[in-house]
Structure formats: C-alpha cells, structure tokens
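A.B. asks: Input: one structure, supplied below.
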Amino acid sequence: DAGVIQSPRHEVTEMGQEVTLRCKPISGHNSLFWYRQTMMRGLELLIYFNNNVPIDDSGMPEDRFSAKMPNASFSTLKIQPSEPRDSAVYFCASSLAGTGGDTQYFGPGTRLTVL
Amino acid sequence: QKEVEQNSGPLSVPEGAIASLNCTYSDRGSQSFFWYRQYSGKSPELIMFIYSNGDKEDGRFTAQLNKASQYVSLLIRDSQPSDSATYLCAVNTNAGKSTFGDGTTLTVKP
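Just so you know, the sequences run in chain order A and B. In this text, residue positions in the first sequence follow our numbering: the first is 1, and each later residue adds one. In this text, residue positions in the second sequence follow our numbering: the first is 1001, and each later residue adds one.
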C-alpha cells in the first residue's frame, strides 16, 4: 500500500517567492494534518482537515500561509511570499479518525530552504 | 508550561539495557497517547498507542499510562543500537488532533 505521498521532497527558493507543497493522503483516510519541524520549535501542527474541511488552523503562523484540500486525495500548503525563517521540514500526515486511537501516518516530508 | 513535556536527553544506554522514556501532559481531558520514533532525516513512525491506564506491551516495547498523574512512559527492553533515534510523545486532546512533545534522543551504545 502506498503511504502518504509528498512532493517535492526538497525545495530551495529565494525569499519572496511562492512555494507550494503537495500531499496525497492514504486512500480512505479522512483526516489530514500539516506539520512543520525545526530544531528550535520541534514538531508544530499548522492545520488539520477532517473530511476535507479545515477544523483547526490556529497553528498557521501568519497570513502568508494557506492550505487547501479540494478533495479527499489531495492537499496543498502554500507560502506566499516565503521568508528565510520558513526554512524547515514540512510533514503531511493522515489518519482514519476513530480507529487505532487516531494514529497518524506521516509522509516523508518536504525539506524547504528559503535563501 | 508546555502541553506535553519530555526530557530532551540525550539518553544513553548500553546495548541490552532497558531504556526508559518519560512524558507528562497538562490536559486532564486527554484521551489517547502515542509514542513515535523518528530516525535522523526521516519522518515519525508510530511505535504504539495507549488509552487505558496500565501497561501495554508489544514485543520489546511497553507503554505505561497513569492518567491520575498525567504521565505516560515507554520502556524499551534489550535495547539495540538500531533503537537509537528520537522518541516523540503525542497526546490527543481533541478527537483526531495530536500535540507532540519535543522528543527525547536515545543513543544505544554497542
């Protein structure tokens, strides 16, 4: 079975550019999460969706960040404009709510570097 | 106070020893508790979850939960060098949403 798929795996961009990260959750999962991980702040939840609807976006750092989930098999996280402090590893995770204690399955991550 | 706290470590144990990882949480309404392992440069992967007071065993791993003390731990028996990783404690306070601790880095020395 394919796990959570993220693209790109690595992204290097210049300050001010738009960055779009993509995620395909595990088929049949109904919850999707976007996290950011840095050495300083650890793993931070940015936003999560349930049945394609954003439930909690309180972790989104500012208006430069936006996320969408147009259907059950695809989500994007967009940063516009990007800044050097956005450099981090961004993980997408999915779960089937109500099963296995709501275990989350993580994708391989996108390593973002903003110069 | 952080919602989920872990000893940052690093924790170092000799091969074959028992490694003990601890986690405390602040929300008494928390329902599910998870231990994830993260190798350097990789994504977190679930080791086990627990939601009832007491112990839960899976192979060399035992999770222990004490809701009265708001404490969850992970014991790794017969530690192996391949267990060297960062261990993340996660707590579900609302249905489906996890809050993660900062992780404890474990090194198992041959």
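Heads up, the beta-carbon is just placed ideally off N, CA and C, and yes, glycines get one too.
Please list the residues of the stretch 1044 to 1065 of chain B that have a C-beta atom closer than 9 Å to any C-beta atom in chain A, keeping them in chain order.
C.D. replies: P1044, E1045, L1046, F1049, I1050 and Y1051
A.B. asks: Label I1018 of chain B either buried or exposed according to how many other C-beta atoms from any shown protein chain fall within 10 Å of its C-beta, with 16 as the threshold for buried.
C.D. replies: exposed
A.B. asks: At which residues does the beta strand (DSSP E) containing M60 of chain A begin and terminate?
C.D. replies: It is not in any beta strand (DSSP E) - M60 of chain A carries neither H nor E in the DSSP assignment.
A.B. asks: Is it buried or exposed, R1028 of chain B, if we count other Cβ atoms within 10 angstroms and call 16 or more buried?
C.D. replies: exposed
A.B. asks: Per DSSP, what kind of secondary structure is R36 of chain A in: helix, strand or coil?
C.D. replies: strand
A.B. asks: Is there contact here, the stretch 84 to 91 of chain A with the stretch 20 to 37 of chain A, by at least three beta-carbon pairs under 8 Å?
C.D. replies: In the pairwise beta carbon analysis, the stretch 84 to 91 of chain A is classified as touching the stretch 20 to 37 of chain A: at least three pairs are separated by under 8 Å.
A.B. asks: Based on Cα-Cα distance, which residue from B:Q1031, B:S1043 and B:T1024 lies nearest to G107 of chain A?
C.D. replies: B:S1043
A.B. asks: Label G1059 of chain B either buried or exposed according to how many other C-beta atoms from any shown protein chain fall within 10 Å of its C-beta, with 16 as the threshold for buried.
C.D. replies: That one is exposed.
A.B. asks: Using a threshold of 9 Å, state whether the C-beta atoms of T1086 of chain B and T1105 of chain B are closer than that.
C.D. replies: yes
A.B. asks: Using 10 angstroms around the beta-carbon of A2 of chain A, count the other beta-carbons present and answer buried if the total reaches 16, otherwise exposed.
C.D. replies: exposed
A.B. asks: Fully enclosed by the stretch 1014 to 1093 of chain B, which beta strand (DSSP E) runs are 3 residues long or longer?
C.D. replies: Listed in chain order, the beta strand (DSSP E) elements of length 3 or more contained wholly in the stretch 1014 to 1093 of chain B are 1019 to 1025, 1032 to 1038, 1045 to 1050, 1054 to 1058, 1061 to 1066 and 1071 to 1076.
A.B. asks: So N130 of chain A is in the beta strand (DSSP E); what residue range does that whole segment cover?
C.D. replies: The requested residue 130 of chain A is not part of the displayed model; chain A covers only 1 to 115.
A.B. asks: Using the beta-carbon count (16 or more within 10 Å), is P25 of chain A buried or exposed?
C.D. replies: buried
A.B. asks: Can you say whether D1102 of chain B is buried or exposed, counting buried as having 16 or more other CB atoms within 10 angstroms of its CB?
C.D. replies: Buried, because 16 or more other Cβ atoms sit within 10 Å of the Cβ of D1102 of chain B.
A.B. asks: Going by beta-carbon coordinates alone, are G59 of chain A and L45 of chain A separated by less than 9 Å?
C.D. replies: yes
A.B. asks: Compare the C-alpha of M15 of chain A against each of A:T113, A:E83 and A:P8 and name the closest.
C.D. replies: A:E83
A.B. asks: Can you give me the C-alpha to C-alpha distance between L1011 of chain B and A97 of chain A, rounded to a whole angstrom?
C.D. replies: L1011 of chain B and A97 of chain A have their C-alpha atoms spaced approximately 33 Å apart.
A.B. asks: Could you check the C-alpha separation between T103 of chain A and F1100 of chain B for me, to the nearest Å?
C.D. replies: 13 Å
A.B. asks: Could you check which residue in B:S1052, B:K1097, B:K1109 and B:E1003 has the C-alpha nearest to that of I55 of chain A?
C.D. replies: For the options B:S1052, B:K1097, B:K1109 and B:E1003, the alpha carbon positioned closest to that of I55 of chain A is the one of B:K1097.
A.B. asks: Starting from the Cα of V51 of chain A, find the closest Cα among A:L21, A:P70, A:Q6 and A:R85 and give me that residue.
C.D. replies: The sequence shown places Asn at residue 51 of chain A, not Val. Measuring C-alpha to C-alpha distances from N51 of chain A to each of A:L21, A:P70, A:Q6 and A:R85 identifies A:P70 as the nearest.
A.B. asks: Could you please give the first and the last residue of the uninterrupted beta strand (DSSP E) stretch that includes S75 of chain A?
C.D. replies: F74 to I79 is the extent of the beta strand (DSSP E) around S75 of chain A.
A.B. asks: Using the Cα positions of P1031 of chain B and Y1051 of chain B, report the straight-line distance between them to the nearest angstrom.
C.D. replies: Note that residue 1031 of chain B is Gln in the sequence shown here, rather than Pro. Their Cα atoms are separated by approximately 6 Å.
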